[in-house]
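Each residue of the sequence shown is one higher than the one before, starting from 1 at the first, in UniProt numbering.
Ideal Cβ positions, reconstructed from N, Cα and C, are used throughout, including at glycine.
Computed from a predicted structure; not experimentally measured.
Here's the structure we're looking at; comments come further down.
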Amino acid sequence: MKHWPFMMVNDTDRPKVQVEYKGETKIFYPEEVSSMVLTKMKEIAEAYLGKTVTNAVVTVPAYFNNSQHQATKDAGTIAGLNVLRIINEPSAADIAYGLDKKVGAERNVFIFDLRGGTFDVSILIIQDGIFEVKSGDIHLGEEDFDNRIVSHFIAEFKHKYKKDISEKKRAIRRLRTACEHTKHTLSSRTQAKLNADLFHGTLAIRDAKLDKSQIHDIVSIGGYTHIPKIQKLLQDVFNRKELNKSINLDEAVAYGAAIQAAILSGDKSENVQDLLLLDVNPLSFGIELAGGVMTHSTTIPTNVGKENTITTTNDKHRLSKEDIEHMKYKAEDKRQRDKVSSKNSLESYAFHMKATVKDEKLQGKINDEDKQKILDKFNEVIKWLDKNQAAKKEEFEHQQTELEKVCNPIISKRYQSAGGMPGGMPGGLPGGGAPPSSGASSRPITEEVD
């Protein structure tokens with residue numbers, strides 16, 4: 001926690017994230033922060049697909065317990081998503097790797113997944129379109145490397161310059177960014193000593209009941225598997241066997257999740273219709289009874305042939321339904337306010353430009369061709385606005401950007417020739433953002449509010 005560029009505070013025995021944003025101190029539940037990430041991803045997907053996204057398959061690190069799974073679902077709900085399923089990241093990568101490998105003979109695949117904050121190892125057995133995850137390991141994450149490097153340079157800085165930057169959040173953030181940039185060129189010679197124990201700690205394989213000689217393919221995914229030292233150690237463990245690089249290291253998990261989403265949504269295409277994923281439970285789970293529990297690496301779903309019913313409620317340190325609904329609508333209200341603000345900004349700017357070129361004081365100072373360009377673009381934008389009142393924030397912003405590309409060079413040229421640009425709207429336009437009184441458009445500008 002000491003390396004985090006933000007503060008954690010205690011709110012009635014629940015952790016909250018405290019950050020400074022535009023001079024204000026803001027506090028969020030972790031679920032709210034996760035929902036912001038999911039909201040952004042939802043917006044990106046909707047912009048690409050051109051339609052609303054409501055359902056999602058979300059991947060999580062293999063070490064997540066049941067409470068963390070539920071918190072992730074809560075974050076999805078706050079972001080306006082119906083989370084169809086939570087799957088482990090290495091399992092999603094397994095799907096991505098095995099999609100085009102429907103071979104009859106059984107293949108054993110070692111999946112090595114090292115990414116931000118998590119490290120997962122799994123053994124995948126592929127046969128006739130069935131993916132059975134036999135084992136998972138959850139030892140460390142790539143941020144352990146970051147933290148080790150950051151700690152090293154904090155100590156180095158203190159030794160050289162007699163200054164302790166460990167309490168300066170901004171300095172730590174900048175140092176971490178520099179370390180993250182540098183580590184991608186990590187070599188076995190210059191940095192291996194700094195992280196030697198971490199590298200060797202990534203080589204634990206357990207529970208699959210396989211010998212390394214029985215592994216057919218070694219698949220490494222995640223940003224940190226670009227590090228040459230990691231690749232070399234993997235090859236050394238498996239007797240110099242070549243790594244399989246047939247999938248994109250950075251996109252494999254998302255690709256696998258997309259395939260799982262296609263299956264759940266009823267996709268009947270040949271590529272996915274015969275796939276079946278048998279995931280495993282990465283942590284021991286259950287109630288201790290005579291005969292044992294659902295142990296680590298048990299295939300899920302599972303049963304032992306006996307059935308009893310017990311009801312438990314554990315809402316401790318969890319968001320209540322009321323909290324989730326409040327955050328959901330709070331996020332929706334913010335999106336609506338941002339959209340209305342962007343729409344008002346576009347409309348105000350458009351009518352300001354029209355009023356500017358019609359201002360009698362500027363007659364003869366803007367040539368007719370330039371004036372017509374602005375008016376034509378104005379009419380185009382207004383027609384678009386009339387037909388797209390329910391457009392998204394990004395669409396309003398795009399329309400304003402396109403309008404500014406036409407107007408700003410013309411207006412700037414006019415004021416530069418006059419010896420300088422007065423203040424006002426972006427680009428130094430006249431009137432401080434308000435249309436001139438003479439020649440103003442007959443159409444009023446309506447400022448919308450929530």
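The DSSP-derived three-state label of N10 is strand.
Burial state of K354 is buried, judged by a 10 Å Cβ sphere holding 16 or more other Cβ atoms. Short of 6 Å from the beta carbon of M8, and not among the five residues preceding or following it, lie these beta carbons of its own chain, in chain order: P15.
A straight-line Cα-Cα distance of about 11 Å links E242 and S220. The beta carbon of R173 lies closer than 7 Å to those of P5 in the same chain, with the five residues before and after it left out. Boundaries of the alpha helix (DSSP H) around D376: D368 to K387. Between the region 72-80 and the region 25-41, the count of C-beta pairs closer than 8 Å reaches three or more; the two stretches touch. Counted as a single uninterrupted DSSP element, the stretch harbouring T52 is not any alpha helix (DSSP H), since DSSP gives it neither H nor E. Note: D267 is not bridge-paired with any residue in the DSSP secondary-structure output. In the DSSP assignment, E20 is bridged to T25. When Cβ pairs closer than 8 Å are counted between the two stretches, the region 233-241 is seen not to touch the region 50-66, the count staying below three. Around the CB of S320, fewer than 16 other CB atoms lie within 10 Å, so the residue is classed as exposed. Rounded to whole angstroms, the Cβ separation of E106 and I125 is 6 Å, and the two are in contact under 8 Å.
Relative to S67, the option among N82, P30 and K51 whose CA is nearest is P30. With respect to the C-alpha of E347, the residue from D333, E397 and L49 having the closest C-alpha is E397. S265 is classed as exposed because its beta carbon has fewer than 16 other beta carbons within 10 Å across all chains shown.
Distance between D376 and K383, taken at the CA atoms: about 11 Å. Restricting attention to K392, T356 and E24, the CA atom closest to the CA of S341 is found in K392. Straight-line measurement puts the Cα of V150 at about 7 Å from the Cα of L175. Straight-line measurement puts the Cα of Y255 at about 21 Å from the Cα of N108. Per the DSSP secondary-structure output, R85 pairs in a beta bridge with V57. In this structure, K373 keeps its C-beta atom at 8 Å or more from the C-beta atom of I411.
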